[in-house]
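Read in order, the letters of the sequence shown are residues 1 to 334 in UniProt numbering.
Beta carbons: idealized from backbone N, C-alpha and C, even for Gly.
Being a predicted model, the structure only gives us computed values, none of them experimental.
Take a look at the structure below.
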Amino acid sequence: MVDKLPELARFSKEYAHLSRILAYRQKEYSVAIADHKCKLQLSPCDNQPSMDCRLLLNINNVSVALELDSGFVSLLLPWKLGDNVLLVPNDLLMAALHYSLDSTLQQLANVFNVPFSLSGVEAGKANGSSIGLMITVNTGGSVCTGRLEANDTIIALLNKMPSRSSSKAKVPFLASIALGRSLLTKIELNSIVVGDVVFLQQRVDEQHLIIRLNRNTAFIGEVKGSQVIIQQRMPPMDDEQDSDPEEQQKQKSLQESQEQDGVDLSDLSVELLFEVGQQQFSVNDLQSLQPGFIFELDRSIDQPVRIRVNGKVVAECELVQIENRLGAKVIRLK
């Protein structure tokens, strides 16, 4: 009997969309608010926490609500009013808010090239479930929060914000540099001993190399000195591709046997990669990997040749020529 799954957190598609936008944007800033130096942090919010005050902003001729807690209100106003902020005459309150916020709103207008202004103030509203942008402000001695309505105008502005520097772009991706590939059954692979010769069923000449990212993604590159020029994408290798007639007949007999007796996992084919080195690529390099792309080899091509299966090196070999066929003679098993 399958155990009942634990209760999982549920998010709306609007919340997921906002989270994804913020994931690729810078979310922490050093700012000055009402002459206070602050650390400001942005995060998605899927509820509407109770706030003391609501400011009505006009952003590019669209009304946007900004809810503030009492700490944020105190940060903006010269008086310590707490929950009594709305008891102040409206014209005096608006004048004080304009004094505190006008320079900040003008900076935002310059950054986003759209007009920002303060148009009104009212009491905070009861809790709700709309999606918003939580603004957490740390002044060094205290923390206060605000919540900005995440309408289409705010989403458009978020998309204009600076991209976050991604650590992924700095993580190197290792690609195999190979001379060729072959397919063997699991039984054939397990029976290899030192001194055996494994023929390359699919290969390139000495002026070319295979740049292999994974089983289904590989390129052929032309070698010019220490540089490699990507020429074309290499199709995935299947059980019949580039194998000789004897190999094809063996695979056909194997398939007929499996249809009669059921699938024997030990006879399934595995890919052998005849690797002569590895190359580091950044994420940006991988996105540019196409015909015409040029890269510098990290190091000279290694010898001996290594046979790699499912990412693991299983043998070291030396290249041999037998009756015009290129093979790899096993000199060491891993």
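Handout entry: Reduced DSSP category for Ile155 - H, G, I as helix; E, B as strand; rest coil
Key = Helix, per DSSP.
Handout entry: Proximity winner among Gln106, Ala156, Val143, Arg325, relative to residue 335 (alpha-carbon distances)
Key = Lying before the first or after the last residue shown, residue 335 is absent from the chain, which here runs from 1 to 334.
Handout entry: Closest by C-alpha distance to Leu179, when choosing among Asn58, Phe295, Gly221
Key = With distances taken between Cα atoms, Leu179 lies closest to Gly221.
Problem - Buried or exposed (CB count within 10 angstroms, at least 16 for buried), Ile331 - result: Exposed is the call here.
Problem - Cα-Cα separation between Lys224 and Phe295, rounded to whole angstroms - result: For Lys224 and Phe295, the distance between alpha carbons rounds to 10 Å.
Problem - Alpha-carbon spacing of Ala315 relative to Ser282, whole angstroms - result: Those two C-alpha atoms are separated by around 28 Å.
Problem - Through-space distance from Asn214 to Ala150, alpha-carbon basis - result: Whole-angstrom Cα-Cα distance: 41 Å.
Practice task
Please go through the same chain and pick out, in chain order, the residues whose beta-carbon is closer than 8 Å to the beta-carbon of Glu318, but skip the five residues on each side of it.
Solution key: Non-local beta-carbon contacts of Glu318 in its own chain, meaning distances under 8 Å to residues more than five positions away in sequence, involve Gln303, Pro304, Val305, Ala328, Lys329, Ile331 in chain order.
Exercise for the section: Below 8 Å CB to CB, which residues in the same chain sit around Leu268 once its five sequence neighbours on both sides are set aside? Expected result: Same-chain partners within the cutoff: Thr185, Lys186.
Exercise for the section: Ignore the nearest five residues each way along the sequence and tell me which others in Leu77's own chain have a CB closer than 6 Å to its CB. Expected result: Non-local C-beta neighbours of Leu77 in its own chain, meaning closer than 6 Å and more than five positions away in sequence, comprise Ala96, ordered along the chain.
Practice task
Return the chain-ordered list of same chain residues with a C-beta closer than 8 Å to the C-beta of Asn113, the five sequence neighbours on each side being excluded.
Solution key: Within the same chain, no Cβ atom closer than 8 Å to the Cβ of Asn113 is found once the five residues on either side in sequence are excluded.
Handout entry: Three-state class that DSSP yields for Lys37 in the structure shown
Key = Strand.
Exercise for the section: Determine the burial state of Glu275: buried for a count of at least 16 other Cβ atoms within 10 Å of its Cβ, exposed for fewer. Expected result: Within a 10 Å sphere around the beta-carbon of Glu275 sit 16 or more other beta-carbons, which makes this residue buried.
Practice task
For Ser163, collect the residues of the same chain with a Cβ closer than 8 Å to its Cβ; drop the 5 residues on either side in sequence, then sort them by chain order.
Solution key: Correct list, in chain order: Tyr24, Arg25, Gln26.
Practice task
For Arg212, collect the residues of the same chain with a Cβ closer than 7 Å to its Cβ; drop the 5 residues on either side in sequence, then sort them by chain order.
Solution key: Closer than 7 Å at the Cβ level, and outside the excluded window around Arg212, lie Ala175, Ser176, Ala178, Ala218, Leu273.
Practice task
Please look up how many angstroms separate the CB atoms of Lys39 and Asn138, rounded, as I've assumed it's under 8 Å.
Solution key: Yes, Lys39 and Asn138 are in contact; Cβ-Cβ is about 4 Å, under 8 Å.
Practice task
On the DSSP bridge assignment, give the partners of residue 337 in chain order.
Solution key: A question about residue 337 goes unanswered here, because the residues of the chain that appear run from 1 up to 334.
Practice task
Using alpha carbons as the reference points, say which of Ser119, Ala32, Ser70, Gln278 lies closest to residue 339.
Solution key: Nothing about residue 339 can be reported from this structure: the residues present for the chain run from 1 to 334 only.
Problem - Spatial neighbours of Ser243 in its chain, beta-carbon cut-off 6 Å, leaving aside the 5 residues before and after - result: With a pLDDT of 47 at Ser243, under the threshold of 50, the modelled position of this residue cannot be trusted, and the question is left open.
Practice task
Let me know the secondary structure DSSP gives Phe11 once reduced to three states.
Solution key: Three-state DSSP puts Phe11 in coil, outside helix and strand.
Exercise for the section: Look at the alpha carbon of residue 339 and the alpha carbon of Ile301, and state the distance between them as a whole number of angstroms. Expected result: Any property of residue 339 remains undetermined from this structure, which presents the chain solely from 1 to 334.
Practice task
Tell me whether Leu5 sits in a helix, a strand or coil according to DSSP, three-state version.
Solution key: In this predicted model, Leu5 has a pLDDT of only 49, less than 50, meaning its place in the structure is not dependable; the value taken from the coordinates is given anyway. Coil.
Exercise for the section: Could you tell me which of Met161, Val193, Leu68 sits nearest to Thr145, measuring between CA atoms? Expected result: The closest CA to that of Thr145, considering only Met161, Val193, Leu68, is found on Leu68.
Practice task
Pull up the DSSP beta-bridge partners for Gln202, would you.
Solution key: The partner list for Gln202 (beta bridge, DSSP) reads Arg181.
Exercise for the section: Look at the Cβ atom of Asn216, then the Cβ atom of Thr153, and state whether they are nearer than 9 Å. Expected result: Inclusion of Asn216 and Thr153 in the CB contact set at 9 Å is not warranted, their separation being larger than that value.
Exercise for the section: Leaving out five residues on either side along the sequence, give the residues of the same chain with a beta carbon under 7 Å from the beta carbon of Ser226. Expected result: Scanning its chain for C-beta atoms nearer than 7 Å, with the 5 sequence neighbours on each side dropped, one finds around Ser226 the residues Glu296, Leu297, in chain order.
Handout entry: Whole-angstrom C-beta distance between Cys45 and Leu133, which should lie under 8 Å
Key = Rounded, the Cβ-Cβ distance is 7 Å, consistent with contact.
Problem - Residues of its chain near Tyr15, where Cβ-Cβ distance is below 8 Å and the 5 sequence neighbours each way are ignored - result: Same-chain partners within the cutoff: Pro44, Asp46, Ile131.
Problem - Nonlocal neighbours in the same chain, by C-beta distance under 8 Å from His36, ignoring five residues either side - result: Excluding positions up to five away in sequence, the list reads Leu75, Thr139.
Problem - Three-state secondary structure (DSSP) of Gln321 - result: Strand at Gln321.
Handout entry: Rounded straight-line distance, which links the Cα of Phe116 to that of Ala156
Key = Cα to Cα, Ala156 sits roughly 14 Å from Phe116.
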